[in-house]
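Read through the structure below, which is laid out as structure tokens, and then see the notes.
Residue numbers (the working numbering): 15 to 335.
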């Protein structure tokens, strides 16, 4: 049997597949492909995605579960499709035959038919929650489930109404219509907020202990705080200032103002970006400012595996804090 190799490598790192250029599949390989396409589909995705790790993420399944399906296919075919050498996964001659014929067979097949079609999953996340707590978790979900189709939207009432999963913030012990409109609503956390300043800003100066002590400091205000009545003490202070304030519409920008522009700002106490370079100023406001963080699903999304998985991941992210 004649083979032609071109040394094409897919993927990166140690989990990648080397593909040859053989175009002479056996009749047995052809028959297996045509008789049980669903089983061979997993093999094709492993090669196209450059390895088992990325293929498993595209399919939304466990790495070992995908390897098991490939081993079952190999037993049915009575052939080895992959071999590992030097930390790389390479196609065998038989594996290369199967892949090359599969590519010809799939010439008119859409990617949705190969990877599986996913409906658009709309997540409504407040900027404050996303940027302060959930960026890493959302990135982790996407890395592990790269076949999902997800849209992230803001927490405006219009967008919340049509979202599959909604995360929202509300004042503690206050009723929210969202809790009655959504399925499986749960309170994730009661989040406290305090004023923060960098260590270098207050080094050698009197540490502020009241709002009056902030006259000689610049303040950074996230505009989203203005919607909460229990933040009135701080919001009124900012509104009455005639100097030294900057208003921003992104929590991340506010954090950058505190970190690099020598501003004092109101920040979540457990935000992931807080480090040893900033100091909490608990005495300035006297009492803690708090907001409850909730999550819920709309009725249709509550029956989908992906939406429930993301809701559970968000819940676990807060339980770890």
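Here a beta-carbon is modelled for each residue, glycine too, at the ideal position from N, C-alpha and C. Because the structure is a prediction, the values reported are computed rather than measured.
Reference residue i, options the options, closest by Cα
i: residue 158; options: 235, 67, 96, 199; result: 67
i: residue 239; options: 152, 317, 309, 184; result: 184
i: residue 300; options: 188, 65, 206; result: 206
i: residue 172; options: 59, 146, 77, 139; result: 139
i: residue 297; options: 330, 334, 266, 220; result: 220
i: residue 229; options: 87, 274, 255, 208; result: 255
i: residue 303; options: 237, 199, 186; result: 186
i: residue 241; options: 170, 83, 217; result: 170
i: residue 141; options: 115, 151, 168, 154; result: 168
i: residue 236; options: 227, 261, 214, 62; result: 261
i: residue 62; options: 149, 114, 198; result: 114
i: residue 146; options: 285, 247, 71; result: 285
i: residue 287; options: 84, 270, 174; result: 270
i: residue 275; options: 101, 76, 214; result: 214
i: residue 13; options: 204, 313, 227; result: With the chain running from 15 to 335 in the structure shown, residue 13 is simply not present.
i: residue 233; options: 98, 90, 257; result: 257
i: residue 245; options: 223, 218, 209; result: 209
Residue i classed as buried or exposed, judged by whether at least 16 other C-beta atoms fall within 10 angstroms
i: residue 103; result: buried
i: residue 268; result: buried
i: residue 225; result: buried
i: residue 265; result: buried
i: residue 281; result: buried
i: residue 79; result: exposed
i: residue 64; result: buried
i: residue 176; result: exposed
i: residue 189; result: exposed
Close-in-space but distant-in-sequence residues of the same chain around residue i (CB under 8 Å, 5 per side omitted)
i: residue 135; result: 162, 163, 164, 165, 178, 179, 315, 318, 320, 321, 324
i: residue 334; result: none
i: residue 88; result: 94, 95
i: residue 154; result: 327
i: residue 72; result: 59, 63, 129, 160, 161
i: residue 198; result: 310, 311, 316, 325
Euclidean distance between Cα positions of residue i and residue j
i: residue 105; j: residue 160; result: 24 Å
i: residue 37; j: residue 156; result: Reliability of the predicted coordinates at residue 37 is poor, the pLDDT of 44 falling under 50, and no value is obtained from them.
i: residue 57; j: residue 293; result: 53 Å
i: residue 117; j: residue 331; result: 41 Å
i: residue 252; j: residue 259; result: 7 Å
i: residue 51; j: residue 86; result: 14 Å
i: residue 35; j: residue 195; result: Bear in mind that the predicted position of residue 35 carries a pLDDT of just 48, short of 50, making it unreliable; the figure below should be weighed with that in mind. When rounded, the distance between both Cα atoms is 56 Å.
i: residue 272; j: residue 212; result: 7 Å
i: residue 311; j: residue 174; result: 10 Å
i: residue 289; j: residue 313; result: 40 Å
i: residue 112; j: residue 291; result: 57 Å
i: residue 49; j: residue 152; result: 39 Å
Residues that residue i bridges to, as DSSP identifies them
i: residue 184; result: 306
i: residue 279; result: 210, 234
i: residue 193; result: None; residue 193 has no bridge partner.
i: residue 55; result: In the DSSP output, where bridge partners are listed per residue, residue 55 has none listed.
i: residue 261; result: 235
Sequence-distant residues of its chain with Cβ nearer than 7 Å to residue i (five each side left out)
i: residue 143; result: 181, 183, 307
i: residue 69; result: 59, 60, 63, 80
i: residue 247; result: 299
Sequence-distant residues of its chain with Cβ nearer than 6 Å to residue i (five each side left out)
i: residue 201; result: 306, 308
i: residue 108; result: 93
i: residue 231; result: 278
i: residue 97; result: 104, 106
i: residue 263; result: 237
Minimum Cβ-Cβ distance from residue i to chain B less than 9 Å
i: residue 317; result: Within the model displayed, chain B is absent; a lone protein chain is all it includes.
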